[in-house]
Amino acid sequence: MKKNLIVLMSLMFVISVYSQKIIKNPKTGFSTVPYLFINNIEMTDSMTVVSFQISQYSGYKFSIPKKTYIKDVLKDEKLFIKSAEGVSMKGVNVVPESGVLNYKLIFGKLDKSVTKIEYGEANDGGDWFIHDIALQDVPNPSGINKELEGNWFNTNNGNWEIGFFDNNVVYKNQVWNYEKVTLKNGNGSVRLSNKDKNVTLLVKKGKEGSYFIGENLKSLNAFSNSFTDELLKTIPKDVVYEMPVFKSDSATYSGYIKNYSPKAAVKTIAIHIDDIITGAQNTFVAQINNNGFFSIKLPLYYPHEVWVRSSIFNGSVYLEPGKDVFQLLGDRQTIFMGESARINADLLRTQNVRRSDYEDMMRIILDMNPQDYKIYCQGIANKKMESLESIRKSNAIGSKAYQIGKLEIEYNAIAQMMNYQRDKETAFRLKNKIPNNQMEISLKKDTLTADYYQFLTDDVINNPLAVISTHSYQNVINSLQFLDLLRLGNFSNSFLETADEIEKSGYSLTKEEQQLLIDFKDVEAFQNRPAQKEFEKKYGEISASFFTKHQKIIKEIRKDGIYNTSDLEAYLIKNNIPISKEEKDFIKAEKRLAKETSPEQIKKNFAVYEALNSFYQKHQILLSQIYNEKRAAFRNKKLAELFTIKEGFATDIMKSQDICNKVVDQLTPLSQEELIRQQQSIQTPFIADYIKKCNNESLAKIQVNKLKTGYVLNETPKTEADKLFAEIMNKYKDKLVYVDFWATWCGPCRSGIERIKPLKEEMKDKGIVFVYLTNQSSPEQTYSAMIPDIKGEHYRLSTDEWNYLAAKFNISGIPHYMLVSKDGQVINPKLGQHSNEELKKILEKEL
Numbered sequence: 001m002k003k004n005l006i007v008l009m010s011l012m013f014v015i016s017v018y019s020q021k022i023i024k025n026p027k028t029g030f031s032t033v034p035y036l037f038i039n040n041i042e043m044t045d046s047m048t049v050v051s052f053q054i055s056q057y058s059g060y061k062f063s064i065p066k067k068t069y070i071k072d073v074l075k076d077e078k079l080f081i082k083s084a085e086g087v088s089m090k091g092v093n094v095v096p097e098s099g100v101l102n103y104k105l106i107f108g109k110l111d112k113s114v115t116k117i118e119y120g121e122a123n124d125g126g127d128w129f130i131h132d133i134a135l136q137d138v139p140n141p142s143g144i145n146k147e148l149e150g151n152w153f154n155t156n157n158g159n160w161e162i163g164f165f166d167n168n169v170v171y172k173n174q175v176w177n178y179e180k181v182t183l184k185n186g187n188g189s190v191r192l193s194n195k196d197k198n199v200t201l202l203v204k205k206g207k208e209g210s211y212f213i214g215e216n217l218k219s220l221n222a223f224s225n226s227f228t229d230e231l232l233k234t235i236p237k238d239v240v241y242e243m244p245v246f247k248s249d250s251a252t253y254s255g256y257i258k259n260y261s262p263k264a265a266v267k268t269i270a271i272h273i274d275d276i277i278t279g280a281q282n283t284f285v286a287q288i289n290n291n292g293f294f295s296i297k298l299p300l301y302y303p304h305e306v307w308v309r310s311s312i313f314n315g316s317v318y319l320e321p322g323k324d325v326f327q328l329l330g331d332r333q334t335i336f337m338g339e340s341a342r343i344n345a346d347l348l349r350t351q352n353v354r355r356s357d358y359e360d361m362m363r364i365i366l367d368m369n370p371q372d373y374k375i376y377c378q379g380i381a382n383k384k385m386e387s388l389e390s391i392r393k394s395n396a397i398g399s400k401a402y403q404i405g406k407l408e409i410e411y412n413a414i415a416q417m418m419n420y421q422r423d424k425e426t427a428f429r430l431k432n433k434i435p436n437n438q439m440e441i442s443l444k445k446d447t448l449t450a451d452y453y454q455f456l457t458d459d460v461i462n463n464p465l466a467v468i469s470t471h472s473y474q475n476v477i478n479s480l481q482f483l484d485l486l487r488l489g490n491f492s493n494s495f496l497e498t499a500d501e502i503e504k505s506g507y508s509l510t511k512e513e514q515q516l517l518i519d520f521k522d523v524e525a526f527q528n529r530p531a532q533k534e535f536e537k538k539y540g541e542i543s544a545s546f547f548t549k550h551q552k553i554i555k556e557i558r559k560d561g562i563y564n565t566s567d568l569e570a571y572l573i574k575n576n577i578p579i580s581k582e583e584k585d586f587i588k589a590e591k592r593l594a595k596e597t598s599p600e601q602i603k604k605n606f607a608v609y610e611a612l613n614s615f616y617q618k619h620q621i622l623l624s625q626i627y628n629e630k631r632a633a634f635r636n637k638k639l640a641e642l643f644t645i646k647e648g649f650a651t652d653i654m655k656s657q658d659i660c661n662k663v664v665d666q667l668t669p670l671s672q673e674e675l676i677r678q679q680q681s682i683q684t685p686f687i688a689d690y691i692k693k694c695n696n697e698s699l700a701k702i703q704v705n706k707l708k709t710g711y712v713l714n715e716t717p718k719t720e721a722d723k724l725f726a727e728i729m730n731k732y733k734d735k736l737v738y739v740d741f742w743a744t745w746c747g748p749c750r751s752g753i754e755r756i757k758p759l760k761e762e763m764k765d766k767g768i769v770f771v772y773l774t775n776q777s778s779p780e781q782t783y784s785a786m787i788p789d790i791k792g793e794h795y796r797l798s799t800d801e802w803n804y805l806a807a808k809f810n811i812s813g814i815p816h817y818m819l820v821s822k823d824g825q826v827i828n829p830k831l832g833q834h835s836n837e838e839l840k841k842i843l844e845k846e847l
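Note that the UniProt record's numbering has the sequence shown beginning at 1, numbered continuously upward.
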């Protein structure tokens with residue numbers, strides 16, 4: 001009996017083994033999730049279990065959609081998820097401190113004949129997809145042996161120098177095609193081609209999985225397919241960054257997307273570069289070739305981190321002027337080759353140490369006073385410094401990464417301490433679910449004196465080398481510009497004082513503006529008469545609120561540019577619009593005052609006020625510059641008084657950002673005299689020269705824009721406010737309309753416009769119209785210079801027209817995007833910001 005039982009158990013085990021199939025580290029095709037990997041797939045008679053590993057930063061959040069699926073690539077039928085292990089299907093999952101999370105998803109049974117599957121999300125908006133997952137060993141189509149596939153590191157220097165993949169080879173910062181593979185037992189040659197170039201790699205098998213590879217048989221290098229601690233020791237020592245750190249140059253960023261497919265919706269990669277001298281963020285777009293290779297030359301004048309944005313990779317890369325870096329994307333390893341490979345690899349090893357613990361801070365800040373918070377921030381910084389020191393002592397990173405890490409930890413702590421009040425309010429809003437548009441909150445504001453900010457010293461703030469610390473120093477400078485103790489606040493000049501300031505800046509008033517000065521003095525004298533002053537004292541506040549409330553009616557009943565209070569009162573009574581007792585008293589008083597004023601004087605007053613409004617709109621950029629200079633002088637004075645921080649590098653950066661806001665952002669170059677004056681006010685020679693370079697580029701851009709076509713400046717339809725939007729859309733019947741509410745001074749607006757340029761070009765013949773609406777806050781000179789570079793239909797609305805549309809569509813800020821159907825119906829009043837790939841899907845769906 002016992003013997004029969006053993007036989008029966010053995011038989012059951014054999015059946016179980018044969019009914020189960022496990023595919024370890026299966027080959028996959030194109031993936032839209034570069035940080036999600038499949039460890040293995042287990043297939044049984046009843047289910048399919050897919051084991052995943054997600055590698056992201058600690059605290060990264062993700063969910064498992066209800067309609068997550070797998071399917072045979074040859075069929076449409078999907079097998080939806082049944083259960084999960086290691087993650088929740090109901091809530092949000094969080095990546096632990098290690099940065100790695102392993103979990104399993106269980107699906108229904110796959111047919112044994114299936115050879116390739118797809119993993120994805122069927123929910124609307126789902127964007128996690130892994131294509132062509134092989135359920136059996138697939139030989140490399142080139143003919144190279146399986147052992148040679150993958151990434152190879154030179155054992156002499158630790159560098160990644162070769163990658164053998166299914167369809168291509170990465171070598172010397174380029175992507176090559178397999179031309180001819182001649183290998184026997186791992187020995188032989190691999191001939192590669194790249195356009196008109198050819199190269200032959202000689203391959204010789206070594207011991208324990210190593211290979212000798214090179215172009216010359218006499219000088220083959222030893223390679224290992226795994227990066228080990230031993231390889232770390234072979235990496236040559238690097239030297240720290242030293243002054244001068246600024247250098248007008250460029251950097252080349254290239255890469256290869258493993259298993260990229262031209263069928264993918266992703267055709268471009270966006271690179272965002274923060275410019276500390278101008279304060280702007282510049283966007284550049286790299287086109288992805290059909291073989292997955294991309295390369296772009298980027299202007300760069302100091303070493304720093306840039307943002308890379310796409311659905312394939314969403315992260316950062318450290319670039320250095322005059323150098324190149326090549327990145328492998330879509331693989332389990334994030335690795336680099338090229339001149340800046342070492343610094344990028346080292347920064348990856350320290351990213352958890354360098355990153356701010358923002359979520360932890362949000363949890364504790366509400367329970368702390370300012371001094372406790374300072375101690376907390378400094379304590380966190382000390383712990384991070386200890387961790388960084390430990391990594392350095394293990395020889396895991398070079399001198400540059402250690403230098404950057406120290407600076408970043410230091411300046412992150414400073415920025416956090418400076419932003420105590422702002423972050424505390426953010427934490428309070430999050431905890432109590434208070435929206436940002438609710439201005440009044442019950443949080444008591446702490447009073448921060450100069451003593452709190454004693455960590456701000458001249459050595460810290462005026463350190464030019466701090467710019468290499470990724471974005472930390474820039475965050476400190478941004479916080480410094482808006483520090484309450486350094487704020488000038490609002491100041492108001494009379495029109496006569498304003499005109500005087502404008503003339504002192506070098507501008508010559510026109511004849512019309514000189515006449516306005518004379519007329520204003522006359523009107524001012526009239527307004528200063530005793531009866532008018534008494535009226536303003538008694539009814540000033542109610543007058544302002546009354547006319548604000550009824551400005552739309554006033555606009556309708558105006559005659560010859562003026563309105564009569566009696567006519568306004570009659571209109572309100574006729575249309576049963578209630579008038580309070582206070583308002584009735586005010587109207588009577590104003591009618592009495594009006595009897596003492598001739599119609600000519602009233603007409604003159606209105607003409608002067610309208611001319612004043614036009615004057616301020618015309619000179620808003622110049623007035624902003626004047627204000628910036630006053631603000632800078634006040635800020636510099638306070639920096640010296642409160643913190644003994646001298647005028648130097650930091651104040652030069654802040655001043656240059658004010659100057660370049662006009663020159664670059666507002667596309668309004670300085671005159672030669674003004675340029676020289678501004679350059680002389682800057683102590684740092686490179687910054688002074690860079691301002692001149694920006695000024696010349698803006699002048700050139702304006703000239704180039706004059707020759708551009710593809711944009712239309714439209715006259716706003718003259719119609720009732722409630723019909724305005726429909727009237728504008730009426731011009732684009734039978735077209736899908738993408739509406740962009742923007743302004744010339746809005747950085748995110750311009751960045752968004754720049755980002756979708758490739759998509760607009762790609763979809764130019766698809767029946768889509770791009771309509772751009774702005775208001776009078778976009779200075780006419782800047783607007784006229786800027787829009788030729790923005791293909792589409794443009795409208796510059798009046799203040800009233802803009803306000804009406806903002807109220808109609810509940811627009812609280814810009815950029816604001818909307819989508820209007822072919823029949824003129826608003827189908828999405830709050831489209832939000834999307835990547836080009838996501839936006840393309842939305843547009844194609846509506847088409």
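Yeah, the Cβ is synthetic: ideal placement off N, Cα and C, and Gly gets one too. Please read these numbers as outputs of a predicted model, since none were measured by experiment.
- By the beta-carbon neighbour count (other beta carbons within 10 angstroms, threshold 16), residue 621 is buried.
- Between residue 639 and residue 388, the beta carbon gap of about 30 Å keeps them out of contact (Cβ cut-off 8 Å).
- Annotated as proximal: residue 308 and residue 315, with beta-carbon spacing under 8 Å.
- Per DSSP, the unbroken alpha helix (DSSP H) holding residue 421 starts and ends at 420-432.
- By the C-beta criterion, the segment 714-732 is judged to be in contact with the segment 820-833, since at least 3 inter-stretch pairs fall below 8 Å.
- Taking the Cα positions, residue 130 is about 19 Å away from residue 61.
- The C-alpha of residue 753 is placed about 16 Å away from the C-alpha of residue 784.
- Under the three-state reduction of DSSP, residue 847 is assigned to coil, being neither helix nor strand.
- CA-to-CA, the gap between residue 764 and residue 194 works out to about 32 Å.
- Take residue 631, set aside five residues on each side of it, and the residues of its chain with a beta-carbon closer than 6 Å to its own are 488, in chain order.
- The beta carbons of residue 57 and residue 99 sit about 6 Å from each other, so the pair counts as a contact at 8 Å.
- Per the Cβ contact rule, the segment 605-618 is not in contact with the segment 646-653 (fewer than 3 Cβ pairs under 8 Å).
- Residue 296 and residue 253 do touch by the CB rule: their CB atoms are close to 6 Å apart, below 8 Å.
- Taking a cut-off of 8 Å on C-beta distances, the segment 186-204 touches the segment 144-155, as three or more cross pairs fall below it.
- For the pair residue 76 and residue 312, the Cα-to-Cα distance works out to about 25 Å.
- Look at residue 337 here: in three-state DSSP terms it is strand.
- Taking a contact as a CB-CB distance under 8 Å, the pair residue 118 and residue 128 does not count as one, their CB atoms being some 11 Å apart.
- Sorting 616, 132, 403 by C-alpha distance to the C-alpha of residue 263 places 132 at the top.
- When DSSP states are grouped into helix, strand and coil, residue 355 belongs to the coil group.
- Residue 748 is positioned such that its CB atom lies closer than 8 Å to that of residue 815.
- Between residue 154 and residue 221, the C-beta spacing is below 8 Å.
- The Cβ atoms of residue 678 and residue 702 do not sit closer than 8 Å to each other.
- For the segment 729-758, the continuous alpha helix (DSSP H) assignments of 4+ residues that do not extend past its boundaries occur at 747-755, in sequence order.
- Relative to residue 684, the option among 174, 245, 157, 604 whose CA is nearest is 245.
- The segment 92-112 makes contact with the segment 39-50, as at least three CB pairs between them are under 8 Å.
- DSSP places residue 571 in the uninterrupted alpha helix (DSSP H) bounded by 565-574.
- Contact between the segment 328-335 and the segment 440-456 is absent: fewer than 3 CB-CB pairs across the two stretches fall below 8 Å.
- When the beta-carbon positions are compared, residue 661 and residue 405 stay at least 8 Å from each other.
- The secondary-structure analysis by DSSP pairs residue 23 across a beta bridge with 41.
- Residue state for residue 176 is assigned as strand, using DSSP reduced to three classes.
- Inter-residue distance for residue 413 and residue 204 is about 52 Å (C-alpha atoms, whole angstroms).
- If you compare the alpha carbons of 40, 340, 391 with that of residue 350, the shortest gap goes to 391.
- If you ignore the 5 residues before and after residue 171, its C-beta comes within less than 6 Å of the C-beta of 162, all in its own chain and listed in chain order.
- Look at residue 656 here: in three-state DSSP terms it is helix.
- If you ignore the 5 residues before and after residue 164, its C-beta comes within less than 7 Å of the C-beta of 144, 148, 149, 150, all in its own chain and listed in chain order.
- In terms of Cα proximity to residue 454, the closest of 470, 479, 418, 484 is 418.
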